[in-house]
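Here the sequence shown stands for residues 1 to 693, where the numbers follow full-length UniProt numbering.
The block underneath contains the structure these notes are about, expressed in structure tokens.
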Amino acid sequence: MSYKNLVIVESPAKAKTIEKYLGKNYKVVASKGHVRDLPKSRMGIDFENSYEPDYITIRGKGPVVKDLKKFAKKAENVYLASDPDREGEAIAWHISHILDLDSEAENRVVFNEITRDAVKNAFKVPRKLDNDLVDSQQARRILDRIVGYEISPILWKKIKSGLSAGRVQSLALKTIVDREKKIREFKPEEYWSIDIKFKKGRRKFDASFIHLNGKKKELKSNEDVQEVMSLIDQDKEFDVTDVVKSQRKRNPYAPYKTSTMQQDAAHRINFRTGKTMMIAQQLYEGIKTGRAAAQGLITYMRTDSTRISPLAENAAAEFIIEEYGEEYSQIKPDVKPKKANVQDAHEAIRPTDVTRTPESIKKYLSADQYKLYALIWSRFVSSQMTPAVFDTVRADIEQNGVKFRANGSQMKFEGFTKVYKTSSKKKDNILPELEKGDTVKSDSISPEQHFTQPPARFTEAALIKWLEENGVGRPSTYAPTIETLRKRYYVQMVAKRFEPTELGEAVNNLVSEAFPELVDVDFTVDMENKLDNVEQGEQEWRKLIDNFYRPFHEKVEEAEENIEEIEIQDEPAGFDCEKCGNPMVIKMGRYGKFYACSNFPDCRNTQAILKKIGVTCPECGEGEIVERKTKKGRIFWGCERYPDCEFSSWDKPIGRNCPKCDHFLVEKKKRGSKNIICPNGDYEEIPEEEEVD
1 MSYKNLVIVE SPAKAKTIEK YLGKNYKVVA SKGHVRDLPK SRMGIDFENS
51 YEPDYITIRG KGPVVKDLKK FAKKAENVYL ASDPDREGEA IAWHISHILD
101 LDSEAENRVV FNEITRDAVK NAFKVPRKLD NDLVDSQQAR RILDRIVGYE
151 ISPILWKKIK SGLSAGRVQS LALKTIVDRE KKIREFKPEE YWSIDIKFKK
201 GRRKFDASFI HLNGKKKELK SNEDVQEVMS LIDQDKEFDV TDVVKSQRKR
251 NPYAPYKTST MQQDAAHRIN FRTGKTMMIA QQLYEGIKTG RAAAQGLITY
301 MRTDSTRISP LAENAAAEFI IEEYGEEYSQ IKPDVKPKKA NVQDAHEAIR
351 PTDVTRTPES IKKYLSADQY KLYALIWSRF VSSQMTPAVF DTVRADIEQN
401 GVKFRANGSQ MKFEGFTKVY KTSSKKKDNI LPELEKGDTV KSDSISPEQH
451 FTQPPARFTE AALIKWLEEN GVGRPSTYAP TIETLRKRYY VQMVAKRFEP
501 TELGEAVNNL VSEAFPELVD VDFTVDMENK LDNVEQGEQE WRKLIDNFYR
551 PFHEKVEEAE ENIEEIEIQD EPAGFDCEKC GNPMVIKMGR YGKFYACSNF
601 PDCRNTQAIL KKIGVTCPEC GEGEIVERKT KKGRIFWGCE RYPDCEFSSW
651 DKPIGRNCPK CDHFLVEKKK RGSKNIICPN GDYEEIPEEE EVD
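Laid out in structure tokens, this is it:
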């Protein structure tokens, strides 16, 4: 087959979609990501030759490279259309090198969305490779290689083999460990509140104590509460001393950038960071909706920007006015909107066509694709809508110098919340009509003791937010950083929150002691800014690496000499080895804790640590049900006698049988609650704590 133009993209799915747009004169093939990288078996950096990287073809990519060369020979023109970011620019540069393309050729094509118009317009204005972007990626790659390959051997020697350290990874781990230390050191403090329920006529409303004799009064003990309570006569009326009525606006949120999409997906649809990025990639690369050719449903999903192109703003305004009314639109659409700049890849994550509503394409999407697309669509549309408006009332109510305050709020105009529902579970608190000088009666009063709570452990979303707010890392680094912490067993997820393991704390202690700058926020942020300067052409990357490497390498040599070995003590398991009779111990492995014989290496008996749930196996009636995990980390429940008993269940058995069919009952997570159901579908009960009055 002859063709005039060869286009090289990253993914096969993307290749199929783009080839349909470009027509018969174009052949589109995929590199399947990077084709060259630093070698895994050695440092791969020539320190004597200005840190020159020694790139090699990635193992397994030989056939891909061979095909690319074969296709390139048949084409008159070769276009490099990898993703519109730093990593994509580096991939294009590596491919250009492998194919021996002209470094000055205008053969780099970028587009922020995979739609027919965007792709065709991009091919009208190809550009040269951006060497500053390439240098920035190289600098990051080499910097991370130096940190990882210089520190990791120290971790192997001083703690145990198979460990690793990284630039962003080390700071993320320290952040988790520091939070855990604060939780352990936390000492709860007592405090009290006094809430009162007033009534005016038949209407009741709530208020809270705020002042005593015109001054703020802290309620630190029951004695403080009794001092206030002694001044209150619940049989007497209370005076309304002040009423302030106003309006409050709640502005719409900006459209998503990578980090906010990851955070919202975790909060709203319970997606892990890696899953969010995987599904977003699918939506970006193209999905077939009906008879039309497949096309990208969202713009590029790795971005720091919340900017929206004038063309997208105009389309959104037209859609909002037609669908919801003019009062819901922030702007009036231009009669002749300005054309979008196809070269500008730094735009927010948004739907490529705002009229393609989630419901209209739901049947073409998987359940996960639909959830994420609906989130992105609603966030973008709502960002172009008017604020929500609330009528608010604040009433101060007093008796004998004791002041209570009631706050009321009622939505007056939905605005953007018509599309993007806010996560607040509080209902409107509507007060009765109150005026200064009115009197109200007490219905009930409730002093309540509280204790301050320790800071919460980080969820994925909270950790990403912290990293972003402190300028640590970039959107593309968050998902792999979190995944590495898990894979190395430096952290574990407990109730969807990060808890450092003993191994993680040991690694953090060593890195923090020997390389304090690596876990210093200011140092890390400064390095990120310098790497961004390379991208802007304001910093020479080799000089940046040199300024970091020389003092860093000296500390590596000092650490090798001075840091003492850290021994992670084995814990007694409480039972003996069935093979040799010696005590079993709990050891720390690369993937977590396990039982092992203390007579190692003479006895190599090991066992997995199984979490029993106190339920007898409903199939064999002999073994206990234990919590297990698949290779991908998904939890399921099975019999401890496996493989003799092969019972397994994705839902947790509870040890009772169905009163209708006698099948074992399971605990099923359903819409945030844990209901008890029969797998046969004949029975369901809501736990007592979930019952509604």
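In this text, a Cβ means the ideal position worked out from N, Cα and C, and glycines have one as well.
Computed from a predicted model, the values in this text were never measured in an experiment.
Residue pairing of N407 in beta bridges, as defined by DSSP: R394.
Residue state for D100 is assigned as coil, using DSSP reduced to three classes. In the assembly as shown, L231 is an exposed residue. Its beta-carbon has fewer than 16 other beta-carbons within 10 Å. DSSP, reduced to helix, strand and coil, places L80 within a strand of the structure shown. Assigned with DSSP and collapsed to three states, G614 falls in strand. Nearest C-alpha to V534 among Y373, T524 and S136: S136.
Here I196 carries a strand assignment [DSSP, helix/strand/coil].
Cβ neighbours of V626 within its own chain (closer than 8 Å, five residues either side excluded): L610, K611, K612, I613, W637, G638, C639 and E640.
DSSP, read as helix, strand or coil, puts N675 in strand. Proximity to F594 across D602, R628, Q607 and P601 peaks at Q607, based on C-alpha coordinates. Only residues of its own chain outside the window of five on either side were considered, and among them A293 and A294 have a CB closer than 8 Å to the CB of K20, listed in chain order. For I279, the enclosing alpha helix (DSSP H) begins and ends at T273 to E285. Where F552 is concerned, the enclosing alpha helix (DSSP H) starts and stops at W541 to N562.
Annotation: the region 430-454 contains the following complete segments of the beta strand (DSSP E) (minimum length 3 residues), in chain order: 439-451. Here K579 carries a coil assignment [DSSP, helix/strand/coil]. In this structure, I95 sits away from K14, with a CB-CB distance that is not shorter than 8 Å.
The continuous stretches of beta strand (DSSP E) do not include P12, which lies in the alpha helix (DSSP H) extending over residues P12 to L22. Secondary-structure assignment with DSSP links N657 through a beta bridge to F664.
Take the alpha-carbon of Y149 and the one of L163: they are about 11 Å apart. When beta bridges are read from the DSSP output, P351 appears opposite I298.
Y256 has I349 as its beta-bridge partners, per DSSP.
In this structure, T276 is the residue among S246, T276 and K245 with its C-alpha nearest to the C-alpha of T260. Between L129 and A92, the C-beta gap is smaller than 8 Å, which places the two residues in contact. Closest in C-alpha terms to K16, from the list D100, I287, F600 and N49, comes I287. In the structure shown, K40 falls within a coil segment according to DSSP collapsed to helix, strand and coil. Closest in C-alpha terms to H450, from the list N562, P333 and N222, comes N222.
In the DSSP annotation of this structure, the continuous segment of the beta strand (DSSP E) that includes K204 starts and ends at R203 to L212. Rounded to the nearest whole angstrom, the CA to CA distance from Q384 to A165 is 43 Å.
A distance below 7 Å between beta-carbons, with the five flanking residues on each side excluded, links K61 to the following residues of its chain, in chain order: V35. Taking all protein chains in view, the Cβ of D526 is surrounded by fewer than 16 other Cβ atoms within 10 Å, so the residue is classified as exposed. Secondary structure note for Y51: it is in no alpha helix (DSSP H), with a DSSP letter that is neither H nor E.
Runs of the beta strand (DSSP E) spanning 3 or more residues and lying entirely within the region 462-523 occur at 491-494 and 497-500, in chain order. With fewer than three CB-CB distances shorter than 8 Å, the region 365-376 does not count as touching the region 390-404. The DSSP-derived three-state label of D242 is strand. N251: not part of any alpha helix (DSSP H); DSSP gives it neither H nor E. In this structure, C661 and C645 do not form a Cβ contact; the two beta carbons are roughly 22 Å apart against a cut-off of 8 Å.
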